[in-house]
Structures are given as structure tokens and as C-alpha cells.
Amino acid sequence: MKRLSLSLPACALSLALAACSSNPPPPAWQSTARTGLDAAAIAWLEGRDAVEAAEFGRARAALARTGQPALVARAELHRCALRVATLDFSPCTGFSALAVDAAPDDAAYARYLTNAPLPGDAERLPAAHRAALLAADAATALQHVDDPVTRLVAAGAALQRGQASPALQRLAVDTASEQGWPRPLLAWLMVQQRGALAAGDTATVERLQRRIDTVAPRRR
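Structure representation (C-alpha cells):
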């Protein structure tokens with residue numbers, strides 16, 4: 016399975032679980048956690064909730080076996096970032112319950128995801144997110160970011176800040192469409208459709224509805 020990246024505050028995806036080296040082979044818990052997190056991420060983006068819950072539970076259990084709350088907190092943060100990527104802004108309760116033991120960079124990233132930053136948090140963010148946060152238009156900062164999940168997380172965070180420009184919306188739609196990820200694609204198509212509806216652009220509303228129906232056909 017292809018490994019995803021969220022530009023979390025550590026080594027690439029799979030949470031930089033203590034060691035990113037493959038020599039010597041990592042402990043079994045690391046492999047289990049990485050595999051579970053990758054599988055859970057794909058399942059969430061594809062809208063397969065039961066699979067996501069099972070794979071995340073497997074990964075979390077592997078991390079818990081280390082007795083390190085900070086690692087479990089980072090896994091929960093990873094899960095919350097994926098929610099933001101799909102415009103699900105539910106409270107990040109899994110991370111909040113462990114926040115007292117979280118690394119400072121992870122705590123800053125969590126506040127970024129919930130649009131509750133503190134002074135100095137921007138400097139603690141991964142480069143792509145910091146650039147998107149500080150840019151006049153996040154689309155400009157993100158269009159050359161290679162990782163699609165990072166683009167979608169940063170776009171979701173920008174929407175939550177009220178800074179999702181039409182260009183950013185197009186970038187998010189194109190990113191999700193290229194990857195074949197229905198959950199974020201539907202979420203961003205609906206954002207575009209609401210904007211067209213507010214502008215009285217009936218033709219665009221109808222065009223977007225056809226795209227939405229292609230991804231998730233309505234029951235007749």
C-alpha cells in the first residue's frame with residue numbers, strides 16, 4: 016500500500032513512530048501501527064468507515080503497547096487531520112484526552128487544525144502548513160505541494176479560517192478528483208455548489224450537481 020503523508024510535525028506519515036530507519040528492522044509495533052494508519056487513512060478518504068475504524072483501532076492498540084501517551088496522541092492527531100481534509104470539523108476528542116502528554120509541535124498542529132492558534136504556533140507547523148497559513152491565498156502556497164493529503168488538510172484548515180478562495184476550492188476539488196477520493200471530493204464540490212447557489216449561478220449549480228451525482232448517485 017502506498018504510504019501517505021500529512022506533513023505532521025515529525026518524519027512523514029505513519030507519525031514518525033520513534034524511528035524512521037529500516038535498518039535494523041523496526042519493532043513489530045511500529046510496522047503494525049504504520050500499516051494500520053495507512054490503511055485507515057485510505058479507508059476514510061474512500062468513505063469506508065467500518066474499515067477505517069478497525070484499522071485505526073489496530074494501529075492505536077499497537078502504539079498503546081509502548082506505554083507512550085505522546086505516540087497515541089499523535090495517532091489521534093493524524094486521524095483528526097484526515098477529518099479536516101474532508102471538511103469534518105468535529106471536535107478532536109481523541110487527541111484532547113491525551114493533549115497533556117503531546118509534544119509541543121503536535122499541540123500547535125492540533126490548534127492549527129481547530130483554528131485556535133497561540134502566538135508562536137506558526138513557527139512550529141510543518142513548512143507546507145505554515146506557508147498556507149501565512150499566505151494571502153493558501154492556493155498559491157499549496158499548488159506546488161506534492162503530497163495530496165497535505166494539500167487537502169491545509170485547504171480544510173483554510174476553509175475553517177474563512178479563507179477558502181475559489182482558487183483553493185478548485186485546487187482541493189482537483190486534488191481529490193485526481194486521487195479518486197470520494198469523501199473529500201464530495202465535500203469540496205458541495206462547497207463550490209453553495210457558492211454558486213449564493214451567486215445565483217444556476218448553470219454552475221447544475222453542473223456541480225452532475226459531478227456530485229456521478230460520485231454519489233441519488234436514489235430514484
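Heads up: the sequence shown begins at 16 in our numbering, then just goes up one per residue. Each residue gets a CB set at the ideal place from its N, CA and C atoms; glycine is no exception.
- Judged by beta-carbon spacing, Leu52 lies within the 8 Å limit of His93, meaning their Cβ atoms are closer than that value.
- In this structure, the beta-carbon distance from Pro199 to Thr129 does not fall below 8 Å.
- DSSP places Asp64 inside the alpha helix (DSSP H), whose first and last residues are 64-79.
- DSSP places Val188 in the uninterrupted alpha helix (DSSP H) bounded by 181-194.
- With distances taken between CA atoms, Gln194 lies nearest to Arg166 out of Ala154, Thr50, Arg166, Gln175.
- Here Cys107 carries a coil assignment [DSSP, helix/strand/coil].
- A contact is defined here as three or more CB-CB pairs under 8 Å, and the segment 81-97 fails this definition with respect to the segment 216-228.
- By the 16-neighbour rule on beta-carbons within 10 angstroms, Asp161 is exposed.
- Setting aside the 5 residues that flank it on each side, Arg145 is surrounded in the same chain by Ala137, Glu138, each with a C-beta closer than 8 Å to its C-beta; the list follows chain order.
- In the three-state reduction of the DSSP assignment, Glu61 falls in the coil class, being assigned neither a helical nor a strand state.
- Segment contact: the segment 66-83 against the segment 39-56, three or more CB-CB distances shorter than 8 Å; contact assigned.
- With fewer than three CB-CB distances shorter than 8 Å, the segment 177-185 does not count as touching the segment 107-127.
- Between Pro232 and Gly62, the CB-CB gap reaches or exceeds 8 Å.
- DSSP places Ala211 within a helical segment (H, G or I) once states are collapsed to three.
- When rounded, the separation of the alpha-carbon atoms in Thr190 and Trp203 is 10 Å.
- DSSP places Gly171 in the helix class (H, G or I) of the three-state scheme.
- Nearest to Ala114 by alpha-carbon distance, out of Leu183, Ala172, Pro39, Ala85, is Ala85.
- Note on Gly82: under 16 other CB atoms within 10 angstroms of its CB, so exposed under the neighbour-count rule.
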